[in-house]
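S.K.:
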Amino acid sequence: MAAWGRRPRVRIARREIDSLGREKTIVLAILIQLFVAAFSSFLVVGLTTLYDPASTGGEQAIEAAVSGDAVEELQRAAREHDAVAISPYESESAALGALQGRVVDVALHTDIVDGRIAVTAYIPEGSVGPTVYVATVRDVLETLERQERIVRSDAIEQQVLEVPQPVESNQYYSFVYTVLVPLLMFLPPFIMGSVVVDTLSEEFERATIELLDVAPIDRRTILDGKTLGLVALAPLQAAAWLALFAVNGISVARPVALLALVTGVALALGALGGGLALAFRRRRPAQLLYSILGLALLAATAALPEHPVNTVAKLGVGSATVGTWVHLLVIVAGATVAYLVVRWWVGRASVTA
1 MAAWGRRPRV
11 RIARREIDSL
21 GREKTIVLAI
31 LIQLFVAAFS
41 SFLVVGLTTL
51 YDPASTGGEQ
61 AIEAAVSGDA
71 VEELQRAARE
81 HDAVAISPYE
91 SESAALGALQ
101 GRVVDVALHT
111 DIVDGRIAVT
121 AYIPEGSVGP
131 TVYVATVRDV
141 LETLERQERI
151 VRSDAIEQQV
161 LEVPQPVESN
171 QYYSFVYTVL
181 VPLLMFLPPF
191 IMGSVVVDTL
201 SEEFERATIE
211 LLDVAPIDRR
221 TILDGKTLGL
231 VALAPLQAAA
241 WLALFAVNGI
251 SVARPVALLA
261 LVTGVALALG
271 ALGGGLALAF
281 RRRRPAQLLY
291 SILGLALLAA
301 TAALPEHPVN
311 TVAKLGVGSA
321 TVGTWVHLLV
331 IVAGATVAYL
341 VVRWWVGRAS
351 VTA
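The sequence shown: position 236 = 236 (the UniProt record's numbering), numbered continuously.
(1) Could you name the residues of the same chain whose beta carbon sits closer than 8 Å to that of residue 223, not counting the 5 residues immediately before and after it, in chain order?
(2) Helix, strand or coil for residue 143 per DSSP?
(3) Output yes or no for whether 7 Å exceeds the beta carbon distance between residue 252 and residue 235.
(4) What does a CB cutoff of less than 6 Å around residue 324 pick up in its chain, not counting 5 residues either side in sequence?
(5) Looking at residue 355: is its Cβ nearer than 7 Å to the Cβ of residue 290?
(6) Are the beta-carbon atoms belonging to residue 137 and residue 121 less than 7 Å from one another?
(7) Could you name each continuous alpha helix (DSSP H) segment of 4 residues or more that falls completely within the region 213-272, going from the start of the chain to the end?
(8) Tell me where the beta strand (DSSP E) around residue 113 begins and ends.
(9) From what residue to what residue does the alpha helix (DSSP H) around residue 308 run?
(10) Can you tell me the Cβ-Cβ gap for residue 264 and residue 335, rounded? I've got them flagged as a contact below 8 Å.
(11) Go ahead and pull the three-state DSSP assignment for residue 103.
(12) Which same chain residues, not among the five before or five after residue 339, have their C-beta less than 6 Å away from its C-beta?
(13) To which residues of the same chain is residue 242 closer than 6 Å at the C-beta, ignoring the five residues directly before and after it?
(14) For residue 67, does the count of other Cβ atoms within 10 angstroms reach 16, so buried, or fall short, so exposed?
(15) Return helix, strand or coil for residue 125, following the three-state DSSP convention.
(16) Below 6 Å, is the gap between the Cβ of residue 202 and the nearest heavy atom of the ligand FAD?
(17) Between the C-alpha atoms of residue 176 and residue 86, what's the straight-line distance to the nearest angstrom?
(18) To the nearest angstrom, how far is it from the Cα of residue 95 to the Cα of residue 306?
(19) Can the beta-carbon of residue 148 be found closer than 7 Å to that of residue 105?
(20) Which of the three DSSP states, helix, strand or coil, is assigned to residue 120?
(21) Going straight from the alpha carbon of residue 144 to that of residue 90, what length do you get?
(22) Residue 332 to residue 304, Cα distance in whole Å?
(23) Taking C-alpha atoms, which residue in 348, 80, 288, 282 lies nearest to residue 202?
(24) The beta strand (DSSP E) with residue 84 in it runs from where to where?
(25) Considering only DSSP beta bridges, list what residue 63 is partnered with.
(26) Please classify residue 110: is it buried, with 16 or more other beta-carbons within 10 angstroms of its beta-carbon, or exposed?
(27) Under three-state DSSP, which class holds residue 340?
(28) For the region 276-306, which segments carrying the alpha helix (DSSP H) assignment without a break, of at least 4 residues, lie completely within its bounds, in sequence order?
(29) Please classify residue 337 as buried or exposed, where buried requires at least 16 other C-beta atoms within 10 Å of its C-beta.
(30) Tell me, to the nearest whole angstrom, how far the beta carbon of residue 190 is from that of residue 294; I am working on the premise that it is less than 8 Å.
(31) DSSP has residue 68 in a bridge; who is on the other side?
Right, dumping it as C-alpha cells:
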C-alpha cells in the first residue's frame with residue numbers, strides 16, 4: 001500500500017516536469033538565466049557600478065564651484081579626495097552661472113548659521129554622470145563633517161569617545177553577498193510557486209481534474225505530485241547558480257544551508273500557490289492573489305528578528321550566528337507546517353465535496 005501510495009505522486013511529478021520541458025517560455029527563461037550567469041563576473045561589475053559608482057576603480061574627476069562662508073573648510077576636505085577640484089566663486093549666482101555654462105560639474109554654496117556649516121549642492125539632472133557626482137560630493141561632505149568634529153572637539157566639556165578609523169571595504173563583494181546572492185536564492189522559489197498556481201488551475205480550466213478524480217488517488221496525492229515535483233526544482237536551480245558562482249570565483253561558505261533555506265521558502269510558496277489554485281480553480285484570480293500575498297509575506301518578514309536577506313548574506317559569507325541557524329530552522333519548520341495545513345485542508349475539502 002505504501003509503495004502504491006508513492007507511485008502516483010512520482011508519476012504526476014514526472015508528468016509535470018516533462019510538461020515544463022515542453023514549455024518554450026520557461027525553457028527560454030532558464031536558458032537566458034544560465035547565459036547571464038555564465039558571464040556573471042561582467043554582470044556583477046556592471047550592477048556594482050549602479051550600486052556604488054565609486055567601486056569601478058576610483059572616483060570620477062569632477063570640478064566643483066564653491067561659494068559662501070565656508071569655502072576654505074570645503075577646500076580642506078576636498079584635498080583628501082584626488083578626484084575633486086574646488087574652484088572658489090564670489091557668490092552663489094556666480095557658481096550657478098558656471099554650472100549652467102558647463103564650466104563646472106557641480107555647484108556648492110556654503111552658509112555658516114549659528115556656528116554650523118550648511119551646504120547646498122546643485123547637481124545637474126541625468127543618468128550615470130550625476131549619480132557619480134552625488135556619490136563623490138557625499139564623500140567630500142562626510143570628510144568635512146569629520147574634520148569639523150575634530151576641530152571643535154576642544155569646545156566640548158564632556159569627554160569625547162574616540163571614533164575608529166573607517167575600514168575600507170570591497171563594494172564588489174558587498175554587492176554580491178547582500179544583493180545578488182539573496183536575489184538569486186529567492187527568485188527560483190517565487191517562480192516555482194507561480195508555476196504551481198498555473199499547473200493546478202489549468203487542470204480545472206481544462207476539466208482534466210475529473211480524469212484524475214476517477215483514478216484511485218485523492219486530491220492530496222494530486223497536490224503532492226504537482227507541488228513537490230516543482231518545489232524540488234527550486235533548490236536545483238539555486239544549486240546551479242551557486243555552481244556558476246564558484247566557476248566565476250565567488251565562494252559561498254554554507255551552500256547546503258542556503259539550499260535548505262531555498263527549499264523551505266519554495267515549499268511555503270508552493271503551499272500558498274497550490275492552496276489558491278485549488279480554492280479559486282481559475283488562473284487569473286489565483287495568480288493575482290498569489291502575487292499580492294507573496295509581496296505581503298515578503299513585507300511581513302521585516303518584522304522577524306533577522307530578515308531572510310540577512311540570513312542568506314550571513315550564510316553566504318560564513319558569519320552565521322546562533323540566531324541565524326535558529327531562523328533557518330524556523331523557516332523550514334514553518335514551511336513544512338504550512339504545507340501540511342494546506343494538504344489537510346485539501347483532503348477535507350475533497351471529502352466534503
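Yeah, the Cβ is synthetic: ideal placement off N, Cα and C, and Gly gets one too.
M.R.: Put simply:
(1) Numbered from its first residue, the sequence shown carries residue 223 at position 223. Counting only Cβ-Cβ distances below 8 Å, and skipping sequence neighbours, we find 200, 274, 278, 342, 343, 346.
(2) If you number the sequence shown from 1, residue 143 lands on position 143. Residue 143 falls in the helix class under three-state DSSP.
(3) In the sequence shown, counting from the first residue as 1, residue 252 sits at position 252. In the sequence shown, counting from the first residue as 1, residue 235 sits at position 235. No Cβ-Cβ contact shorter than 7 Å links residue 252 with residue 235.
(4) Start at 1 with the first residue of the sequence shown, and residue 324 comes out as number 324. 311, 314, listed in sequence order.
(5) The structure shown does not extend to residue 355, since the chain is modelled only from 1 to 353, so the question has no answer here.
(6) Within the sequence shown, residue 137 is the residue found at index 137, counting from 1. Within the sequence shown, residue 121 is the residue found at index 121, counting from 1. It is a contact, given that the beta carbons lie within the stated cut-off.
(7) Considered as a whole, the region 213-272 harbours 219-231, 233-247 as its complete alpha helix (DSSP H) runs of no fewer than 4 residues, in chain order.
(8) As a working mapping, residue 113 is identified with position 113 in the sequence shown. 106-113 is the span of the beta strand (DSSP E), which, as asked, contains residue 113.
(9) Against the sequence shown, residue 308 aligns to sequence position 308. DSSP places residue 308 inside the alpha helix (DSSP H), whose first and last residues are 308-317.
(10) Residue 264 sits at position 264 when you count from the first residue of the sequence shown. Residue 335 sits at position 335 when you count from the first residue of the sequence shown. Residue 335 and residue 264 do touch by the CB rule: their CB atoms are close to 4 Å apart, below 8 Å.
(11) As a first step, residue 103 must be located in the sequence shown, where it is residue number 103. The three-state reading of DSSP puts residue 103 in coil, since its state is none of H, G, I, E or B.
(12) As a first step, residue 339 must be located in the sequence shown, where it is residue number 339. Excluding the 5 residues flanking it on each side, residue 339 has same chain C-beta neighbours closer than 6 Å at 267, 271, in chain order.
(13) The residue you call residue 242 lines up with position 242 of the sequence shown. Shown here for residue 242: same chain residues with a beta carbon closer than 6 Å to its own, the five before and five after excluded, namely 252, 255 in chain order.
(14) For the purposes of this step, residue 67 is taken as the residue at position 67 of the sequence shown. Looking at its Cβ environment, which holds 16 or more other Cβ atoms inside 10 Å, residue 67 is buried.
(15) As a position in the sequence shown, residue 125 is number 125, starting the count at 1. In the structure shown, residue 125 sits in coil (DSSP, three-state: anything other than H, G, I, E or B).
(16) With respect to the ligand FAD, the structure shown offers nothing to examine, as it has no ligands at all.
(17) For the purposes of this step, residue 176 is taken as the residue at position 176 of the sequence shown. For the purposes of this step, residue 86 is taken as the residue at position 86 of the sequence shown. Near 34 Å, if we compare the C-alpha coordinates of residue 86 and residue 176.
(18) For the purposes of this step, residue 95 is identified with residue 95 of the sequence shown, where counting begins at 1. For the purposes of this step, residue 306 is identified with residue 306 of the sequence shown, where counting begins at 1. Take the alpha-carbon of residue 95 and the one of residue 306: they are about 47 Å apart.
(19) Along the sequence shown, one-based indexing puts residue 148 at 148. Along the sequence shown, one-based indexing puts residue 105 at 105. No, the pair does not count as a contact, with Cβ atoms beyond the cut-off.
(20) Reading the sequence shown from its first residue, position 120 is the one you call residue 120. Of the three classes helix, strand and coil, the one that applies to residue 120 here is strand, per DSSP.
(21) Indexing the sequence shown from 1 puts residue 144 at position 144. Indexing the sequence shown from 1 puts residue 90 at position 90. Straight-line Cα distance between these residues: approximately 21 Å.
(22) What you label residue 332 is simply residue 332 of the sequence shown in a count that begins at 1. What you label residue 304 is simply residue 304 of the sequence shown in a count that begins at 1. Answer to the nearest angstrom: the Cα atoms are 15 Å apart.
(23) Residue mapping note: residue 202 aligns to position 202 of the sequence shown, counting from 1. Closest by alpha carbon: 282.
(24) As a first step, residue 84 must be located in the sequence shown, where it is residue number 84. For residue 84, the enclosing beta strand (DSSP E) stretches over residues 84-88.
(25) Residue 63 sits at position 63 when you count from the first residue of the sequence shown. Paired residues: 85.
(26) Counting from one through the sequence shown, the residue named residue 110 turns up at place 110. Burial call: buried.
(27) The sequence position of residue 340 within the sequence shown is 340, counting from 1. Three-state DSSP puts residue 340 in a helix.
(28) Runs found: 283-300.
(29) Within the sequence shown, numbered from 1, the residue matching residue 337 stands at position 337. Residue 337 comes out exposed.
(30) By one-based count along the sequence shown, residue 190 stands at place 190. By one-based count along the sequence shown, residue 294 stands at place 294. At roughly 6 Å, the Cβ-Cβ gap stays under 8 Å, so residue 190 and residue 294 are in contact.
(31) Translated into positions along the sequence shown, residue 68 becomes position 68. 110, per the DSSP bridge assignment.
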